[in-house]
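K.L.:
First the structure, which I've put down as structure tokens, then a few questions once you've had a look.
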């Protein structure tokens, strides 16, 4: 059974005073549906090209607001065991996640299981003509895990330590959605993309937020950071510090970009003063993942050391 620390009383982070340039996004740019489209996106919205991140001075890991650990999953358990079902619920569909992705998400442990060494391994497999749970047919299988039915938080530091895959066409992501998504739909629910990586850009990591305009269409802010070396070469810690006045992204404890509430509200409504649940997935292809060349080997793996929340 995976080891975990349960949520205690919530404390907001100190206000985040961030000064990055805002980039507006649009559903037409990314291929993700907006509120006028009845299809609710089921994957992280494909991001428009990012504006360069404003310079941010390096800081200590977790230093913003001095948060304390309130929950974690260290993925301690026997090899082959599924991630803790009391925490993580697997999604099962193949409709492309609103982003034209190429995989079936399954609840099969071959796509998401512990390795017995303190890691969760999300495996994308080649599976030609695989019939998905929703009847669609795809050529790959993978996993998407969510805490929608179990855990959520309002504000804090959302963190994953993981080794991303190297294959061109892969698209791993760690992200969060508002718990009111079923009631208000997306983008009114809000979306926080803590980490997205695509195999064709091995040194880059992106972070985004998505929210609604008054009319219900989507606005978007995306940041991009060049780590200077392929992120698939080892484990890295990806995090966002999220407070009532903004968000700031980090890589290995060093801030690299952010957005303030005031700047985001120039684009539309702020949708981030409520609980959000976590999602973790490995997509193949799609609007952001791009084409999968024949030379990309399978399986491809997203190896997760831990997921933690600080407040």
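In this note's numbering, the protein residues as written are 263 to 573. Every residue, glycine too, gets a C-beta built ideally from N, C-alpha and C. Source: prediction; values computed, not measured.
1) Starting from residue 453, follow its DSSP beta bridges and name the residues at the other end.
2) Tell me where the alpha helix (DSSP H) around residue 462 begins and ends.
3) Under DSSP, the alpha helix (DSSP H) around residue 550 begins and ends at which residues?
4) Taking the C-alpha atoms as reference points, what is the distance between residue 293 and residue 483?
5) Between which two residues does the alpha helix (DSSP H) containing residue 525 stretch?
6) Taking one C-beta from the segment 518 to 530 and one from the segment 401 to 412 each time, how about it: are there three or more such pairs within less than 8 Å?
7) Rounded to a whole number of angstroms, what is the C-alpha to C-alpha distance between residue 420 and residue 337?
8) In the DSSP output, which residue or residues are listed as bridge partners for residue 366?
9) Compute the beta-carbon to beta-carbon distance between residue 467 and residue 551, rounded to the nearest angstrom, for a pair I have assumed lies under 8 Å.
10) By a C-beta neighbour count over all protein chains shown, 10 Å radius and 16 as the cutoff for buried, is residue 474 buried or exposed?
11) Helix, strand or coil for residue 374 per DSSP?
12) Do residue 514 and residue 498 have their CB atoms nearer than 7 Å?
13) Whose CA, out of 433, 395, 387, 560, lies closest to the CA of residue 542?
14) Checking 7 Å against the spacing of the C-beta atoms, do residue 454 and residue 435 come in under that value?
15) On the DSSP bridge assignment, give the partners of residue 566 in chain order.
16) Based on DSSP bridge pairs, tell me the residues matched to residue 396.
17) Would DSSP call residue 477 helix, strand or coil?
18) With 16 other CB atoms within 10 Å as the buried threshold, where does residue 365 fall?
19) For the candidate residues 407, 356, 373, 379, whose alpha-carbon lies nearest to that of residue 396?
20) According to the Cβ coordinates, are residue 427 and residue 563 closer than 7 Å?
21) Look at residue 384 and residue 405 and say whether their C-beta atoms are less than 7 Å apart.
22) With DSSP run on the structure shown, which of helix, strand or coil describes residue 494?
23) For residue 523, which residues of its own chain have a beta-carbon under 6 Å away from its beta-carbon, when the five flanking residues on both sides are left out?
P.N.:
The relevant details are as follows:
1) 439, 472
2) No alpha helix (DSSP H) contains residue 462, which DSSP labels as neither H nor E.
3) 548 to 551
4) Confidence in residue 293 is poor, its pLDDT being 33 and thus under 50, which makes the residue's placement too unreliable to answer from.
5) 523 to 526
6) no
7) 16 Å
8) Within the DSSP bridge table, the entry for residue 366 names 403 as partners.
9) Under the criterion of beta carbons closer than 8 Å, residue 467 and residue 551 do not qualify as touching, at roughly 14 Å.
10) buried
11) strand
12) Result yes, Cβ atoms of residue 514 and residue 498 sit closer than 7 Å.
13) 433
14) No, they are not a contact pair.
15) 382, 424
16) Bridge partners of residue 396: none, in fact.
17) coil
18) buried
19) Among 407, 356, 373, 379, the Cα nearest to that of residue 396 belongs to 356.
20) yes
21) yes
22) helix
23) 507, 508, 532
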